[in-house]
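Undergrad: Before anything else, here's the structure in question.
See below:
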């Protein structure tokens, strides 16, 4: 490639980067500043919940879209994060007092694992680290034996059910089925359900979403990201090329679990309660469909998919509760059979070009688009013809 | 001693329910590598058809009512098998080679089926019938034209919304008739009354063996023998085994693999229906009945491996027995007399509820998979992926 063109290409890339940062900043401005002014508190809380769910969707996209591991058990990590923060909120009491539900079951002393959650920094650490460690451990035990594909999905689903049973049955440790209510507790002296606290949670959610998005971008671009895609496409070949896929899979699964933990904590404080219901089987499968609707292996798709599906669910189930399940079932079927690349994939591969044809911005291509449009391919073609 | 035998019997009876539910799943998974998350809902369809058959027999009075179960089993089989066949032809056929997508699609089907039994009424049935009639008749009619390939996309784009709109319009027109809009089952659970000869039980060695449990064990054995005979002694069984071992080679040798897939799926689903019939004897049946069994049956398939029916048998009975022994506290009771094992007893008592037993069983399964990752009887051969 001659230097002049390289510089031009570089400049183009830099310009694209600037544009993208501009778009992201604009979106953050709209979501973090304008929407809180426009929306009433109730709707804002809903939007905050949906945005925190889109953080989990990013985590799932990381392991399913890029690495090809379909986890049906992300509810575990989501709920673990939620329980972590809820336990901290429950402990905002004068010294020596126990959260009130303990007295119902005749528990006099705080169970040992509650103590670390007195401190706020430790709680924040735990919300991220504990789900990560649990995910890493489960991943290690499964991937070590080269268990993959549907077996992995089934085992994560069984793990989900097991965690559900465990949390559901332990009244004396974490209040069992009733879960932990956070709405009536205080955080930094503020009532967690007050408008100010909720607005703060909302803005933290928006910031967390952007941070996690860039983290995922970082992970999926470059060498590490290429390895993940390689594992998805042909794991045996990766192994024969001298890499050990197990370590990478465990790492990416742990990261995805930690992301789910963050999302769970944010979701919990904006819902007002965490119960073992967060670990029910349907909820975790739903998370997968958000990613599928938006488009696998496109990070922005995960966010868009979550927003669309959850907003649709809110409006449909408010007006016709019975239709929603039919609709959701149909959504699974349609996305899998007709739109395997999701909305973003469909836009990128089909609709965008079609639109440009119709507007007359681009001539119709009969061969593969990459042959006639990709600048690197055109460059090589020109160099070949010169020689 | 009698405690142990009682534990074993109850364990076997739980295990046989798991086994009969997992049998169809194991066959389908072994053949096509497809995980059918709607398997539980096919069981539920079987249970609901048992309920319907029971209601048909009720007015006929006593001598007939006692034997409704004999009629219910084949009908449950047929209903679930037809549902499975439609599922395979309509959805799964397009997704072979993409197991994760199949899993999601079958989950969608399971959601639809669950809501279907909740809200099914004559109106819904009529609407679906109108839609199918218009759409499929239109498609068949137009596909006879010589320029079918050219107009296919347009036909789909026009015919689909058109027939859907007509069906919905029919629905709105008839929605005033109260007879049509009454739900068949509603969201509440329904109860299947066991016939009189299945109530009560027989006393052996000082504990009660309920007839219903014995009946399920017998039914499981019959199903196992039938499946074994079918797979190993019949022509189609031979073909199924051939496709399981090497799909490409079987296809080359003239085995109609698409037909084999459809048949296997139908039989697997039919077995789910029989399992549903068995489950309906144990308690009331609701739209979510299938969900209670689905994860456990998957565990049976994972532990058993897909190479062999015996894997499913050992795994089903093993999981059932371990589950019961831990969950009922029988194990804790057995060791309680020995003072030295006190910590072990405390540990076992912590897990001595049915939900905590599942936690323990899962830990054991994960431990087991560390030793034998592909299950008890893994698939063998050169083309097995490692």
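Residue numbers (this note's numbering), protein chains in the order written: chain A, 19 to 405; chain B, 43 to 428.
The C-beta atom is built at its ideal place from N, Cα and C for all residues, glycine as well.
No experiment lies behind these values; they were computed from the predicted model shown.
(1) Give every residue of the same chain whose Cβ lies closer than 6 angstroms to the Cβ of residue 312 of chain B, excluding the five residues on either side of it in the sequence, and list them in chain order.
(2) Label residue 28 of chain A either buried or exposed according to how many other C-beta atoms from any shown protein chain fall within 10 Å of its C-beta, with 16 as the threshold for buried.
(3) Please list, in chain order, the chain A residues whose beta carbon lies closer than 8 angstroms to that of residue 398 of chain B.
(4) Starting from residue 264 of chain A, find everything on chain B with Cβ-Cβ shorter than 9 angstroms and list it in chain order.
(5) If you drop the 5 nearest sequence neighbours on each side, which residues of the same chain put their C-beta closer than 7 angstroms to that of residue 428 of chain B?
(6) Would you list the one or two residues that DSSP bridges to residue 309 of chain B?
(7) Compute the minimum distance between the beta carbon of residue 120 of chain A and the heavy atoms of the ligand FAD, and state whether it is under 8 angstroms.
(8) Residue 99 of chain B to residue 60 of chain B, Cα distance in whole Å?
(9) Whole angstroms are fine: how far does the CA of residue 335 of chain B sit from the CA of residue 55 of chain B?
(10) Measure from the C-beta of residue 73 of chain B to each C-beta in chain A and report whether the shortest distance is under 9 angstroms.
(11) Would you say residue 237 of chain B lies against chain A (beta-carbon separation less than 9 angstroms)?
(12) DSSP three-state label for residue 218 of chain A, please.
(13) Taking buried to mean at least 16 other C-beta atoms within 10 Å of its own C-beta, is residue 34 of chain A buried or exposed?
(14) Determine, using beta carbons only, whether residue 168 of chain A and residue 75 of chain B come nearer to each other than 9 angstroms.
(15) Measuring only between beta-carbons, confirm whether residue 130 of chain B sits less than 9 angstroms from chain A.
(16) Have a look at residue 110 of chain B and residue 95 of chain B and give me their C-alpha separation to the nearest angstrom.
(17) Within its chain, find whatever has a CB closer than 7 angstroms to the CB of residue 357 of chain B; leave out the 5 residues flanking it on each side and keep chain order.
(18) Should the stretch 173-190 of chain B be regarded as contacting the stretch 367-378 of chain A, the criterion being three or more beta carbon pairs within less than 8 angstroms?
(19) Within 10 angstroms of the Cβ of residue 255 of chain B, are there 16 or more other Cβ atoms? Answer buried if so, exposed if not.
(20) With C-beta atoms as the reference, is residue 132 of chain A less than 9 angstroms away from residue 98 of chain A?
(21) If we define contact as Cβ-Cβ less than 9 angstroms, is residue 341 of chain B a contact residue for chain A?
(22) Could you check whether the Cβ of residue 130 of chain A sits closer than 9 angstroms to any Cβ belonging to chain B?
(23) Measuring only between beta-carbons, confirm whether residue 255 of chain A sits less than 9 angstroms from chain B.
(24) For the 8 angstroms Cβ check, are there 3 or more pairs between the stretch 313-329 of chain B and the stretch 225-235 of chain B?
(25) Of all the alpha helix (DSSP H) runs that stay within the bounds of the stretch 40-76 of chain A, which reach a length of 4 or more residues?
(26) Taking residue 243 of chain A as part of the alpha helix (DSSP H), name the residues at either end of that continuous run.
(27) Would you say residue 140 of chain A and residue 103 of chain A are within 9 angstroms of each other, going by their C-beta atoms?
(28) Which residues of chain B have a Cβ atom closer than 9 angstroms to the Cβ of residue 340 of chain A, listed in chain order?
(29) Identify each residue in the stretch 136-156 of chain B for which the Cβ-Cβ distance to at least one residue of chain A is less than 9 angstroms, and report them in chain order.
(30) Taking only the alpha-carbon atoms, compute the straight-line gap between residue 391 of chain A and residue 218 of chain B and give it to the nearest angstrom.
(31) To the nearest angstrom, report how far apart residue 37 of chain A and residue 43 of chain A are at their CA atoms.
(32) For the stretch 178-192 of chain A against the stretch 267-283 of chain A, are there 3 or more C-beta pairs whose distance is under 8 angstroms?
(33) Following the continuous beta strand (DSSP E) through residue 250 of chain B, name the residue where it begins and the one where it ends.
(34) Counting contacts by CB-CB distance shorter than 9 angstroms, is residue 84 of chain A in contact with chain B?
(35) Does the structure place the stretch 354-363 of chain A close enough to the stretch 313-326 of chain A that three or more beta carbon pairs sit under 8 angstroms?
(36) Give the interface partners of residue 180 of chain A over in chain B, defined as CB-CB distance under 7 angstroms, in chain order.
TA: Taking the definition as stated:
(1) Within its own chain, the residues whose Cβ lies closer than 6 angstroms to the Cβ of residue 312 of chain B, once the five positions on either side in sequence are excluded, are 119, 122, 123, listed in chain order.
(2) Note on residue 28 of chain A: under 16 other CB atoms within 10 angstroms of its CB, so exposed under the neighbour-count rule.
(3) By Cβ distance, chain A contributes 183, 184, 187.
(4) Taking a Cβ-Cβ cut-off of 9 angstroms, residue 264 of chain A has no neighbours in chain B, whose nearest Cβ is about 12 angstroms from it.
(5) Residue confidence for residue 428 of chain B is low, a pLDDT of 44 falling below 50, so the modelled location carries little weight and cannot support an answer.
(6) Note: residue 309 of chain B sits in no beta bridge, so no partner.
(7) Among the components modelled here there is no ligand, and therefore nothing to report on the ligand FAD.
(8) Distance from the CA atom of residue 99 of chain B to the CA atom of residue 60 of chain B, rounded to whole angstroms, is 28 angstroms.
(9) So the two alpha carbons sit approximately 14 angstroms from each other.
(10) Chain A contact via Cβ: absent.
(11) No, no contact with chain A.
(12) Per DSSP, reduced to three states, the secondary structure at residue 218 of chain A is helical.
(13) If you draw a 10 Å sphere on the C-beta of residue 34 of chain A, you find fewer than 16 other C-beta atoms in it, and that means exposed.
(14) Contact annotation: residue 168 of chain A and residue 75 of chain B have beta-carbon atoms nearer than 9 angstroms.
(15) Taking a beta-carbon distance threshold of 9 angstroms, residue 130 of chain B does not count as an interface residue toward chain A.
(16) Note on geometry: alpha-carbon atoms of residue 110 of chain B and residue 95 of chain B lie some 7 angstroms from one another.
(17) Excluding positions up to five away in sequence, the list reads 342, 345, 346, 418.
(18) Contact annotation: the stretch 173-190 of chain B does not touch the stretch 367-378 of chain A, with fewer than three C-beta pairs closer than 8 angstroms.
(19) Label assigned to residue 255 of chain B: buried.
(20) Cβ atoms of residue 132 of chain A and residue 98 of chain A: not closer than 9 angstroms.
(21) Residue 341 of chain B counts as touching chain A.
(22) Output row for residue 130 of chain A: interface = no.
(23) Not an interface residue.
(24) The stretch 313-329 of chain B, when compared against the stretch 225-235 of chain B, does touch it at the 8 angstroms Cβ threshold.
(25) For the stretch 40-76 of chain A, whole alpha helix (DSSP H) runs of length 4 or above, ordered along the chain, are 53-56.
(26) From DSSP, the alpha helix (DSSP H) with residue 243 of chain A extends over 240-251.
(27) Cβ distance not < 9 angstroms, so residue 140 of chain A and residue 103 of chain A don't count as in contact.
(28) Neighbours of residue 340 of chain A on chain B, chain order: 157, 160, 161.
(29) Cβ contacts with chain A come from 136, 137, 140, 141, 142, 143, 144, 145, 146, 147, 148, 149, 150, 151, 152, 153, 154, 155, 156.
(30) When rounded, the distance between both Cα atoms is 59 angstroms.
(31) Pairing residue 37 of chain A with residue 43 of chain A, the inter-Cα distance amounts to about 10 angstroms.
(32) Segments in contact, no.
(33) Taken as a continuous stretch (DSSP letters only), the beta strand (DSSP E) holding residue 250 of chain B covers 249-252.
(34) Residue 84 of chain A does not count as touching chain B.
(35) Verdict: yes, contact present.
(36) Correct list: 400, 401, 404.
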